[in-house]
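Under the working numbering, the sequence shown has 145 at position 41, and the numbering climbs by one with no breaks. Some notes on the structure that comes next.
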Amino acid sequence: MKKAIHYWELAAMRGDAKARNNLGVFENEEGSVDRALKHFMIAVTDGDYRSLQSIKGLYLDGLTTKDEYAKALRSYQAYLNEIKSDQRDTAAATNGYKYYESAV
């Protein structure tokens, strides 16, 4: 596990949102909710839907505030707005593919 964490940290420093989510999951399991929330928030900013769901779970469990969850929702929406393009929407509709997860 120590080796996995090391590589997740390296990947997260290079901007890998999935690695950042993995670090958040690990920190949450270790009981460090504040550190987990920080990792999840960074990953949400990079469009990681699983991190958004993790923050929602923390909120529903009473481990984070409504404001922090709302901030995560705004960050995820900003990411979706940033990647939105007519070409991407057309290609996705043609293939029946959805390139994002709905936050609601």
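Positions of the beta carbon are idealized from the N, C-alpha and C atoms, including for glycine.
Fill in: Closest Cα partner of Asn125 within the set Asp171, Tyr111, Arg154, Lys107
Arg154
Worksheet item: Nearest to Val148 by CA position, among Ala140, Ser179, Thr194, Tyr111, is which residue?
Response: Ser179
Discussion item. Let's test the definition: count the other Cβ atoms within 10 Å of the Cβ of Leu156 and tell me whether it reaches 16, buried, or not, exposed.
Written reply: buried
Practice prompt. Thinking Ala116 and Ala123 are a contact (beta carbons under 8 Å), I'd like their distance in whole angstroms, please.
Written response: 4 Å
Worksheet entry | Close beta carbons around His143, own chain, < 8 Å, minus the five adjacent residues each side | Cβ within range, chain order: Ala116, Arg124, Asn125, Leu127, Gly128, Glu131, Ser155.
Worksheet item: What three-state label does DSSP hand Thr70 in the structure shown?
Response: Look at the range of the chain in this structure, 105 to 208, and you will see that residue 70 is not part of it.
Discussion item. Could you check whether Leu141 and Ile159 sit closer than 8 Å to each other, using their CB atoms as the reference points?
Written reply: Judged by their CB atoms, Ile159 and Leu141 are nearer to each other than the 8 Å cut-off.
Worksheet item: Is the Cβ-Cβ distance between Val137 and Leu162 less than 8 Å?
Response: Their beta carbons are under 8 Å apart, which means Val137 touches Leu162 by this criterion.
Practice prompt. Less than 8 Å between the CB atoms is what I'm expecting for Ala197 and Gly151, so what's the real figure, rounded?
Written response: The Cβ separation is near 20 Å, so there is no contact.
Practice prompt. Look up Arg118 in the DSSP assignment and say whether it is helix, strand or coil.
Written response: coil
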